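What follows is a set of notes on a single structure, which appears directly below.
Number of protein chains: 4
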Amino acid sequence: MADVGGVAGERLRSFIQRIERLEEEKKTISDDIREVFAEAKSSGFDPKIMRQVLKIRKMETAERQEMDALLETYLAALGMADPTDDPEPPG
Amino acid sequence: MADVGGVAGERLRSFIQRIERLEEEKKTISDDIREVFAEAKSSGFDPKIMRQVLKIRKMETAERQEMDALLETYLAALGMADPTDDPEPPG
Amino acid sequence: MADVGGVAGERLRSFIQRIERLEEEKKTISDDIREVFAEAKSSGFDPKIMRQVLKIRKMETAERQEMDALLETYLAALGMADPTDDPEPPG
Amino acid sequence: MADVGGVAGERLRSFIQRIERLEEEKKTISDDIREVFAEAKSSGFDPKIMRQVLKIRKMETAERQEMDALLETYLAALGMADPTDDPEPPG
DNA sequence: TCGCCTGATAGTTGCC
DNA sequence: GGCAACTATCAGGCGA
């Protein structure tokens with residue numbers, strides 16, 4: 081149990097604090113989101129429906145990305161890689 | 081179903097987009113946190129222990145806040161509000 | 081859709097009923113708790129304060145357990161497992 | 081702040097402990113329920129669907145009770161109270 | 001690497 | 001009607 085309070089301890093402390101700081105930021109954002117929902121609600125929009133909308137849009141995005149990946153794989157298989165992609169440069 | 085594409089629609093769209101933007105930011109932060117854990121791990125720190133440390137620190141904070149709240153509630157119940165608090169001044 | 085009303089159906093029905101029975105019991109307990117709060121209130125104790133006390137006690141318990149877990153994890157990480165623990169004996 | 085550690089303190093302590101005891105029991109039941117779900121799952125039943133079944137059955141029960149209450153109210157309004165009920169005995 | 005399982009988060013419900 | 005507890009869902013980590 082060397083290094084209690086030593087340089088390793090300092091390093092660990094630093095990691096812990098960085099994470100705590102980031103989690104704080106994350107919480108702030110969550111609060112902001114809640115706030116937007118509240119504002120929307122007081123403008124007459126149903127939060128429940130809004131959540132559904134968000135979920136659907138998210139799924140659509142995921143689906144689209146899936147499609148893109150599929151297309152890319154397919155083109156690659158045909159040796160027709162899309163030049164707009166940015167793959168590993170050829171050594 | 082008035083207002084399809086009208087001002088209300090614009091407003092809703094705006095709310096949705098603000099939320100989507102915030103959720104993106106939140107995701108970025110989550111990624112950052114994961115990165116810090118990875119960095120700590122490759123420096124020889126056990127992520128499992130780190131998580132427990134974080135949890136304990138969080139609980140300590142929460143407990144302290146809860147204690148403060150209890151004291152305040154108790155004083156209020158006795159009609160002995162703590163003058164160091166800053167409630168709305170009585171008109 | 082084989083087995084409609086068959087043995088699988090019987091088994092499912094049994095699971096469902098066991099759960100429903102347990103949920104009933106749970107509800108009974110919740111009612112009991114509410115009753116105790118009511119009784120305490122009519123004895124002059126503030127339920128709000130009681131809830132905070134309960135919360136703090138719970139947090140204290142949780143924190144103590146978490147501390148124990150941390151110590152154990154830490155010792156394990158150092159290859160110094162606590163002999164007072166009772167792991168599977170090494171056959 | 082009289083009675084610190086006095087009879088009122090004892091009474092409060094008793095209430096707190098009764099509640100803690102009940103909450104423990106409640107937790108035990110919750111664990112049992114989780115166990116049944118697990119068992120059902122390992123028998124090939126989808127917990128998600130089971131939850132839906134439970135929800136529907138619950139709604140049906142609530143609905144039926146609602147119906148019963150409505151019927152009773154209606155009969156009472158007609159002076160035709162259902163003799164199978166057990167209302168306040170007529171003094 | 002896959003499946004499990006715990007812990008985190010979002011949604012719902014009930015209390016104040 | 002707002003707030004807080006509880007529950008259900010989900011994702012990430014862990015072990016086999």
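Chains as they are written, first to last, in this note's numbering: chain A, 81 to 171; chain B, 81 to 171; chain C, 81 to 171; chain D, 81 to 171. Every residue, glycine too, gets a C-beta built ideally from N, C-alpha and C. Just so it is clear, the structure is predicted and the values come from calculations on it, not from any experiment.
- For V116(B), the nearest CB of chain A lies under 8 Å from its own CB, placing it at the interface with that chain.
- In this structure, I113(D) and L102(C) form a Cβ contact; the two beta carbons are roughly 5 Å apart against a cut-off of 8 Å.
- Neighbours of V133(B) across chain A, judged by C-beta separation under 9 Å: L92, I96.
- In the three-state scheme derived from DSSP, where H, G and I count as helix and E and B as strand, M130(B) is classed as helix.
- Chain-order list of chain D residues neighbouring D126(C): empty, with the shortest C-beta distance near 10 Å, by a criterion of under 8 Å.
- For the 8 Å CB-CB criterion, E105(C) and I109(D) form a contact.
- Residues of chain B with a Cβ closer than 7 Å to the Cβ of I99(A) are, in chain order, I113, V116, L134.
- Under the three-state reduction of DSSP, F125(D) is assigned to coil, being neither helix nor strand.
- Shown here, A161(A) sits in coil according to DSSP, grouped into three states, outside any helix or strand.
- Look at the beta carbons and you see the stretch 120 to 136 of chain A not touching the stretch 132 to 148 of chain B: under three pairs across the two are nearer than 8 Å.
- G86(A) carries a coil assignment under DSSP once its states are collapsed to helix, strand and coil.
- Distance check between S123(A) and each of L155(B), G159(B), G89(B) places G89(B) closest, using alpha-carbon atoms only.
- Burial of A120(A) is indicated by the presence of at least 16 other C-beta atoms within 10 angstroms of its C-beta.
- Taken atom to atom, the span from the alpha-carbon of D148(C) to that of M147(D) is near 54 Å.
- Neighbours of S123(B) in chain A, taken as residues at a C-beta separation under 9 Å, are given in chain order as A88, R91, L92, F95.
- F95(C) and F117(D) have their alpha carbons spaced roughly 8 Å apart.
- Rounded to the nearest whole angstrom, the CA to CA distance from T141(D) to L151(D) is 15 Å.
- Taking the C-beta atoms as reference points, E143(B) is found nearer than 8 Å to E143(C).
- At a C-beta separation below 8 Å, A142(D) has no neighbours in chain C, since its nearest C-beta there lies roughly 13 Å away.
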